[in-house]
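Visitor: Dropping a structure here in structure tokens format, bear with me for questions.
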Amino acid sequence: MTKFTKDHEYITEDGTVGITPYAQEQLGDIVFVELPKVGQKLKAGDEAAVVESVKAASEIYAPASGTVLAINTALTGEPGLINSAPETDGWIFKLALDDAGELDGLMDAAAYADLTK
Amino acid sequence: MAEVPAADLKTVLLDDRHVALGGRMVPFSGYSLPVQYPTGIIAEHKWCREHAGLFDVSHMGPSFLVLDQKSGDGEADHAAIAALIEPLICGDIRGLKPGQVRYTLLLNETGGALDDLMIARPAAEGWGGALYIVVNAGTKDADFQRIAAAAAGQATLNRSDHCALLALQGPEAVEVLRDVIPGAADLSFMHYGSFDFDGSKLVISRSGYTGEDGFEILVDPSHATILFDRLLSDDRVRPIGLGARDSLRLEAGLPLYGHDLDETISPVEAGLNFAVARRRRDAADFPGATRILSELGGVLDRVRVGLFVEGAPAREGAEILDKYGAVIGKVTSGGFSPSLNRAIALGFVPPDKAAPGTPLQVLVRGKPQAAEVTTTPFVPHRYVRKTAK
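One line per chain: the protein sequences are A and B, in this order. Just so it is clear: in the first sequence, position 6 is 677 by our numbering, and no numbers are missing. Just so it is clear: in the second sequence, position 88 is 91 by our numbering, and no numbers are missing.
Printed below as a string of structure tokens:
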């Protein structure tokens, strides 16, 4: 089950991280993405990536602790994928979780929907 | 992330229109204004470069400075009103022809910019002895106070910021406006006039801050909504928010007050030598003349440059480094250019690092990125100048 942070990242069951449709809508057109490095170790809450809209830069935090398994290099040439398909082609990185139990502390879809109401 | 405008924010006359159009309202210079509409900044930006964009800039400071006692001789009255404003600025207002608009700077005693502004001489003979003055939103109260004080006893400053000020910008702006106000299409760049509209008067200048051809229109509160709706009903026109206004003016290489200009920055440092009029240089009769004339003679610590930035946008405040990594200046405006699909910036560097082609670096989130000095505008201006009549 996909989980959500209060900072509007999502993380799927297989550890794929991105930002929510709500977040991309709020940020507006994404023009640049700074990706983490494959193999990088992150603790929950660490700054993992940066997405830049026309107006401003926003940090993307690791929703849980783990090691970066993969990064979405397609975003380098086409950062707008985060706007057009935030939950599919616009994913940002994939984590190998240290402890899948950490996800229990995050919001489920219903709780996140409440947050963004 | 959702912005909730503070309760004490002022709203513009067309606030309900912006909300109805889906504008994302944000606080800016004390006003609640749309930063973008649902299509987003990049689409709005490109639309304005290709068609016509409608901007609500009613937060700015339009005003009229009018002689208390006119002689009735248009030239003499113009000279009299020009003499009241010129001690505050570095432009030649006396030399304006009827209907001409001039970009100039309000300076402090050390030659720093208190604001950049437009001053215009009315075209109509009967309006001799008046000036149309438009200042920036963030500085308008101080500017108006300064101008009113300088003119006290001889002329009165009438604020018009209760009206709506609209900018219609883009290559199709002239044909759109021709359908509504036929006469306005005959204006040349940096000229203005007064035009009838539905029983009201519009003050229209052929000017703007996007680098495109276009118009700025001052409209009475009673007719603001009618005019806005009328312009927007044209398929060639879309509403444009503050976000694209900023990216458009950045591509046009135009300085934004409070960012690329402030009270420490002189017109020469800002690359605005053209705004220091020849007559005023010869007379050395403007605020900060000693510093500014010496800078014009080549004694200069920093100048404004345009930068092409590799990779992530370098935002305001980012340090500029030379190719060896020494800090030499700061970015004052930076972002993404939708037209060029790359990061661009304006900033200040020493004159020996300001030649186009000079390789530099910018520090973004602690990491140096390559940058190169380039000429501005980044995107060519497309102003429409008509031959003098």
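Glycine included, each C-beta is placed from N, C-alpha and C at the ideal position.
Quick one: does G699 of chain A have its CB under 8 Å from some CB of chain B?
Guide: What you label residue 699 of chain A is simply residue 28 of the first sequence in a count that begins at 1. Taking Cβ atoms only, chain B reaches closer than 8 Å to G699 of chain A, which makes this a yes.
Visitor: Mind pulling the chain B residues with CB within less than 7 Å of E705 of chain A?
Guide: For the purposes of this step, residue 705 of chain A is taken as residue 34 along the first sequence, with counting starting at 1. In chain order: A315.
Visitor: Taking Cβ to Cβ, would you say P270 of chain B is nearer than 8 Å to A278 of chain B?
Guide: The residue given as residue 270 of chain B occupies position 267 in the second sequence. The residue given as residue 278 of chain B occupies position 275 in the second sequence. Result yes, Cβ atoms of P270 of chain B and A278 of chain B sit closer than 8 Å.
Visitor: Give me whichever residues DSSP pairs with S66 of chain B in a beta bridge.
Guide: Within the second sequence, residue 66 of chain B is the residue found at index 63, counting from 1. Paired residues: B:I136 and B:R162.
Visitor: Is the CB of I44 of chain B under 8 Å away from at least one CB in chain A?
Guide: One-based indexing of the second sequence puts residue 44 of chain B at position 41. Taking Cβ atoms only, chain A reaches closer than 8 Å to I44 of chain B, which makes this a yes.
Visitor: Using a Cβ cut-off of 7 Å, pull out every chain A residue sitting near G338 of chain B, in sequence order please.
Guide: Position 335 of the second sequence, counted from the start, is the residue given in the question as residue 338 of chain B. Here the neighbours are V725.
Visitor: Using a cut-off of 9 Å between C-beta atoms, extract the partners of Q72 of chain B located in chain D.
Guide: This model lacks chain D altogether, as its protein chains are A and B.
Visitor: Determine the DSSP secondary structure at A5 of chain B, reduced to helix, strand or coil.
Guide: Walking along the second sequence from the start, residue 5 of chain B turns up at place 2. Model confidence at A5 of chain B stands at a pLDDT of 40, short of 50, so the residue's coordinates are unreliable and nothing is read from them.
Visitor: Could you tell me which chain B residues have their CB closer than 8 Å to the CB of V721 of chain A, listed as they occur along the chain?
Guide: Within the first sequence, numbered from 1, the residue matching residue 721 of chain A stands at position 50. Neighbours of V721 of chain A on chain B, chain order: A315 and R368.
Visitor: Determine, for V702 of chain A, whether the minimum Cβ-Cβ distance to residues of chain B falls below 8 Å.
Guide: Along the first sequence, read from residue 1 onward, the residue named residue 702 of chain A stands at position 31. So, interface residue.
Visitor: If you run the structure through DSSP and keep just helix, strand and coil, what is P242 of chain B?
Guide: Residue 242 of chain B sits at position 239 when you count from the first residue of the second sequence. P242 of chain B: strand per DSSP, three-state reduction.
Visitor: Could you tell me whether any Cβ in chain B is nearer than 8 Å to the Cβ of A728 of chain A?
Guide: Indexing the first sequence from 1 puts residue 728 of chain A at position 57. True, the Cβ-Cβ gap to chain B drops below 8 Å.
Visitor: How close, in whole Å, do the beta carbons of V222 of chain B and L230 of chain B come, if the pair is a contact with beta carbons under 8 Å?
Guide: Taking the second sequence and counting its residues from 1, the one referred to as residue 222 of chain B is at position 219. Taking the second sequence and counting its residues from 1, the one referred to as residue 230 of chain B is at position 227. 5 Å between Cβ atoms; contact.
Visitor: Count the CB pairs spanning the region 38 to 45 of chain B and the region 92 to 102 of chain B that are closer than 8 Å, and state whether there are at least three.
Guide: Too few Cβ pairs lie closer than 8 Å, so no.
Visitor: Only counting the same chain, and skipping five residues up and downstream in sequence, which positions put a Cβ closer than 6 Å to that of A123 of chain B?
Guide: By one-based count along the second sequence, residue 123 of chain B stands at place 120. These residues qualify, in order along the chain: V104, Y135 and Y195.
Visitor: Just the Cα atoms here: how many angstroms apart are G256 of chain B and A357 of chain B?
Guide: In the second sequence, the residue the question calls residue 256 of chain B occupies position 253. In the second sequence, the residue the question calls residue 357 of chain B occupies position 354. Near 15 Å, if we compare the C-alpha coordinates of A357 of chain B and G256 of chain B.
Visitor: Who are the neighbours of S250 of chain B on chain A, taking C-beta pairs under 8 Å?
Guide: Residue 250 of chain B sits at position 247 when you count from the first residue of the second sequence. Those are V725, listed as they occur along chain A.
Visitor: Any beta-carbon of chain A closer than 8 Å to the one on V52 of chain B?
Guide: Numbered from its first residue, the second sequence carries residue 52 of chain B at position 49. Looking at the sequence shown, residue 52 of chain B is not Val but Arg. With 8 Å as the cut-off, R52 of chain B does not count as an interface residue toward chain A.
Visitor: Cα-Cα, which of B:V179, B:V22 and B:L296 is closest to F218 of chain B?
Guide: In the second sequence, the residue the question calls residue 218 of chain B occupies position 215. Nearest C-alpha to F218 of chain B: B:V179.
Visitor: Count the other CB atoms within 10 Å of the CB of V308 of chain B; is the residue buried (16 or more) or exposed (fewer)?
Guide: The residue labelled residue 308 of chain B in the question sits at position 305 within the second sequence. Burial call: buried.
Visitor: Contact between the region 370 to 389 of chain B and the region 316 to 331 of chain B is defined here as three or more beta-carbon pairs at a separation below 8 Å; is this criterion met?
Guide: With the cut-off at 8 Å, the region 370 to 389 of chain B and the region 316 to 331 of chain B touch.
Visitor: What residues from chain A crowd round G246 of chain B, counting only those whose CB sits closer than 8 Å?
Guide: Position 243 of the second sequence, counted from the start, is the residue given in the question as residue 246 of chain B. Those are G699, V725 and K726, listed as they occur along chain A.
Visitor: Does the Cβ-Cβ distance between F58 of chain B and A170 of chain B come in under 8 Å?
Guide: Working through the second sequence from its first residue, we reach residue 58 of chain B at position 55. Working through the second sequence from its first residue, we reach residue 170 of chain B at position 167. Yes; because the gap between Cβ atoms is below 8 Å, this pair is in contact.
Visitor: With 8 Å as the threshold, decide whether the Cβ of R284 of chain B is near any Cβ in chain A.
Guide: Within the second sequence, residue 284 of chain B is the residue found at index 281, counting from 1. By this cut-off, R284 of chain B is not an interface position.
Visitor: Let's see if you can read the secondary structure: which residues bound the beta strand (DSSP E) around L363 of chain B?
Guide: Taking the first residue of the second sequence as 1, we reach residue 363 of chain B at position 360. P362 to V367 is the span of the beta strand (DSSP E), which, as asked, contains L363 of chain B.
Visitor: Along chain A, in chain order, which residues have C-beta atoms closer than 7 Å to that of Q39 of chain B?
Guide: Position 36 of the second sequence, counted from the first residue, corresponds to residue 39 of chain B. Neighbours of Q39 of chain B on chain A, chain order: G699.
Visitor: Who are H194 of chain B's beta bridge partners in DSSP?
Guide: Residue 194 of chain B sits at position 191 when you count from the first residue of the second sequence. Its beta-bridge partners are B:Q103.
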